[in-house]
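Position one of the sequence shown corresponds to residue 6 (my numbering), numbered consecutively onward.
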Amino acid sequence: MDLWTGLLHHVTGVHQWYFGSCHYDPLESEMNKPLIPKGSVAHQRLRDLVLDSRWLKTVTKFLSFRSTAELESFHNHILMYAGKRFAFSKKVYEARVYLASLDYNSHLNRGPRRKKDGSTQKAKLYSKRTKMWRLYTYKAPKEYKYIPDLQALILQSRLLSQRGMADSHPLRPEDPRRLGPLAGGIAPTIQELEQQHVSRGLWQASE
Ligand SMILES: [Zn+2]
């Protein structure tokens with residue numbers, strides 16, 4: 006806040022004031038710039054803007070502002086491995102998210118796709134949100150270099166395992182399947198449901 010309100014001093018040519026000072030050594034090249042006289046209309050207007058209470062209340066949001074684009078991109082990546090239309094057991098879902106993460110991280114900083122003459126390949130992309138076209142550079146194809154390592158580890162773990170693959174093992178305590186079906190409790194019988202409807206007068210049993 007001191008630094009922000011210090012702006013009002015700085016523009017008048019005052020670089021040290023009661024609560025603080027500008028955070029730099031005097032700038033030679035700035036010396037000849039016209040100053041805003043303290044108390045002038047221009048200074049008053051600037052003061053209204055800098056000290057605007059609504060702005061000051063929301064400024065903390067802007068200070069910690071981060072774009073969620075990267076996170077959304079990662080979530081979309083997970084959906085490629087674990088689509089919402091399919092049901093997975095907890096273990097399978099976990100494994101798929103790990104695979105999505107490995108894929109995402111190992112291909113995060115790959116360069117542009119290059120043609121034989123070394124030039125990059127571009128395409129245009131339309132954004133429905135901004136209603137604007139933009140240029141998109143194709144990225145180099147994925148290499149999945151970690152897959153052979155993964156396969157070796159899987160084989161090694163299989164060879165060293167004392168247990169057969171088909172062996173069943175009890176659910177872990179935190180496994181959500183222990184909670185049973187989503188509705189919870191025991192489903193009512195048809196007769197019980199019929200009785201409910203009749204007692205609420207919602208439905209007449211026809212015979
Ligand atoms: Zn200053």
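Glycine included, C-beta positions come from ideal geometry on N, C-alpha and C.
Review point. Going by DSSP, what residues sit across from Leu158 in a beta bridge?
Key: Paired residue(s): none; Leu158 is not in a bridge.
Practice item. Taking Ser132 as part of the beta strand (DSSP E), name the residues at either end of that continuous run. Key: Start and end: Lys127 to Ser132.
Practice item. Quick one: measure Cβ to Cβ for His28 and Leu12, integer angstroms, because I've assumed they're closer than 8 Å. Key: Rounded, the Cβ-Cβ distance is 12 Å, inconsistent with contact.
Review point. Counting Cβ pairs, one atom from each stretch, are 3 or more of them under 8 Å apart for the stretch 104-114 and the stretch 71-82?
Key: In the pairwise beta carbon analysis, the stretch 104-114 is classified as touching the stretch 71-82: at least three pairs are separated by under 8 Å.
Practice item. Go ahead and label Ala210 buried or exposed: buried means 16 or more other beta carbons lie within 10 angstroms of its beta carbon, across all protein chains shown. Key: Interpretation of Ala210 is limited by its pLDDT of 49, a score under 50 that renders its predicted location unreliable; the figure taken from the coordinates is listed afterwards. Label assigned to Ala210: exposed.
Check your understanding: Would a C-beta distance cut-off of 8 Å place Lys144 and Pro117 closer than the cut-off?
Key -> In contact: Lys144 and Pro117 (Cβ atoms closer than 8 Å).
Practice item. Please confirm whether any heavy atom of ligand 1 lies closer than 7 Å to the CB of His82. Key: His82 Cβ: outside cutoff for every heavy atom of ligand 1.
**Study point:** Whole-Å CB distance - Gly25 paired with Leu40, under 8 Å assumed
**Key:** Rounded, the Cβ-Cβ distance is 19 Å, inconsistent with contact.
Point to revise | Helix, strand or coil at Leu113 according to DSSP, with G and I counted as helix | key: The answer is coil: DSSP assigns Leu113 none of H, G, I, E or B.
**Study point:** Pair within 8 Å by beta-carbon distance, His112 and Lys147
**Key:** Judged by their CB atoms, His112 and Lys147 are nearer to each other than the 8 Å cut-off.
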